[in-house]
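What follows is one structure encoded as structure tokens, with my remarks underneath.
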Amino acid sequence: MKVKVLYFASARDLTAVNEESVRLPDGTTVAELLKEVVRAHPGLKRLEPSIRVSVNFQLVDGASTLCDGDEVGILPPVAGG
Amino acid sequence: MKRPTPVTRKPIDIDRVMASVRDDSAGGTVVFLGTVRKKSEGKAVRGLTYEVYKEMAERKMGEIEAAVRERWPVVGMAIVHRYGSLEVGEISVVVAVSCEHRAEAFEACRYAIEAIKKSLPLWKKERFKGGDESWVKGSAIVK
Chain X
1336 MKVKVLYFAS
1346 ARDLTAVNEE
1356 SVRLPDGTTV
1366 AELLKEVVRA
1376 HPGLKRLEPS
1386 IRVSVNFQLV
1396 DGASTLCDGD
1406 EVGILPPVAG
1416 G
Chain H
2 MKRPTPVTRK
12 PIDIDRVMAS
22 VRDDSAGGTV
32 VFLGTVRKKS
42 EGKAVRGLTY
52 EVYKEMAERK
62 MGEIEAAVRE
72 RWPVVGMAIV
82 HRYGSLEVGE
92 ISVVVAVSCE
102 HRAEAFEACR
112 YAIEAIKKSL
122 PLWKKERFKG
132 GDESWVKGSA
142 IVK
């Protein structure tokens, strides 16, 4: 399956990627994807503990399972307002 | 009154936001404005650049409004957040809440702005005088 991964703010700066398509085995969890993403972009390592992940615009935890076509957001610490 | 666009690159028109929550059954309206400060931790700021995950932020704003309406008897409510490049003094966020009575309007508005800070996928980069830029550290997003 394939998912679309979006990088925001400092995560984008560290990966130098806005978005990419990632091919994964069926049943991959969010935690597994994040590990894979950090492996592909080692610059993200220092940010990893504070990264949260959204799937189809909802925050999810690491145990969630991904599906083909999901839109995954790599969200560094937020500072709105 | 027409609802304002919740996530916008354009300068926020306060009068329009206020008009969208105005109602004859409301006796109190509380408005919070967030504005770009000229100093951050002692350093002179030229402006802020906001980045947003727009689709997610819009959904989350809807959820925040729904949560507020569940807790307080809100008559009118609007949240607008700007993104892109802002100069010192410009408005970055508006929360407007009208209720029958002021006490619940104050509480509801406060709740909403705190939720916005913690749970919207928004980031800001400070542009300092002299040319340095850096992302504001922030904290991990919560539901």
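Respectively, the protein sequence lines represent chains X and H. What the first sequence shows, in my numbering, is residues 1336 to 1416, in sequence order. What the second sequence shows, in my numbering, is residues 2 to 144, in sequence order. Glycine included, C-beta positions come from ideal geometry on N, C-alpha and C. Computed from a predicted model, the values in this text were never measured in an experiment.
Residue i, buried or exposed, once every other Cβ within 10 Å from all chains shown has been counted against 16
i, result
"P1384/X", "exposed"
"E42/H", "exposed"
"C100/H", "buried"
"P1412/X", "buried"
"R1387/X", "buried"
"V143/H", "exposed"
"G1397/X", "exposed"
"A1375/X", "exposed"
"A113/H", "buried"
"G28/H", "exposed"
"H82/H", "buried"
"A106/H", "buried"
"L1414/X", "It is worth fixing the name first, because residue 1414/X is Ala in this sequence and not Leu. Per the 10 Å Cβ criterion, buried."
"P122/H", "buried"
"K40/H", "exposed"
Host alpha helix (DSSP H) of residue i (start-end)
i, result
"T1350/X", "1344 to 1350"
"R1374/X", "1365 to 1375"
"R4/H", "Neither: R4/H is in no alpha helix (DSSP H) and is coded neither H nor E."
"K55/H", "55 to 72"
"V1/H", "For chain H, the structure presents residues 2 to 144; residue 1/H sits outside this window and is missing."
"S120/H", "103 to 120"
For residue i, the first and last residue of its enclosing beta strand (DSSP E)
i, result
"L1382/X", "First-last for L1382/X: undefined, no H or E at that position."
"M1336/X", "Segment: none, M1336/X is in no beta strand (DSSP E) and carries neither H nor E."
"F33/H", "29 to 36"
"V95/H", "92 to 100"
"F1392/X", "Unbroken run through F1392/X: none, as it is neither H nor E."
Pairwise C-alpha distance: residue j and residue i
i, j, result
"A67/H", "Y84/H", "23 Å"
"L1359/X", "E1406/X", "13 Å"
"R128/H", "K138/H", "14 Å"
"T6/H", "S1399/X", "32 Å"
"S26/H", "V76/H", "7 Å"
"L1349/X", "D14/H", "35 Å"
"V8/H", "S1345/X", "21 Å"
"W73/H", "D1361/X", "44 Å"
"L1401/X", "E52/H", "26 Å"
"A79/H", "V18/H", "7 Å"
"E59/H", "F1343/X", "16 Å"
"E1355/X", "L1341/X", "7 Å"
"R103/H", "S120/H", "26 Å"
"V1373/X", "V46/H", "32 Å"
"K126/H", "L87/H", "10 Å"
"L1368/X", "G1416/X", "30 Å"
"V1395/X", "G1378/X", "23 Å"
"A1366/X", "S93/H", "34 Å"
Cβ distance (whole Å) where residue i is taken to contact residue j below 8 Å
i, j, result
"A116/H", "V98/H", "About 12 Å; that fails the 8 Å criterion."
"V37/H", "V95/H", "Rounded, the Cβ-Cβ distance is 13 Å, inconsistent with contact."
"K1337/X", "V1357/X", "7 Å"
"S21/H", "R10/H", "About 19 Å; that fails the 8 Å criterion."
Inset, instruction - Return the residues of the segment 40 to 59 of chain H that lie within a Cβ-Cβ distance of less than 7 Å from chain X, sorted by chain order. - result: Against chain X - using a Cβ distance shorter than 7 Å - the residues of the segment 40 to 59 of chain H are E52, Y54, E56, M57.
Legend entry - Positions along the segment 117 to 133 of chain H whose CB lies within less than 7 Å of some CB in chain X: I117, K118, L121, P122, L123, W124, K125
Legend entry - Where the segment 1379 to 1393 of chain X meets chain H: residues whose CB sits under 7 Å from a CB there: Of all residues in the segment 1379 to 1393 of chain X, S1385, R1387, S1389, F1392 have a Cβ within less than 7 Å of some Cβ in chain H.
Inset, instruction - Give the residues from the segment 72 to 85 of chain H that approach chain X closer than 9 Å (Cβ to any Cβ), ordered along the chain. - result: H82
Inset, instruction - Quick one: which residues of the segment 1347 to 1365 of chain X get their C-beta closer than 7 Å to a C-beta of chain H? List them in chain order. - result: none
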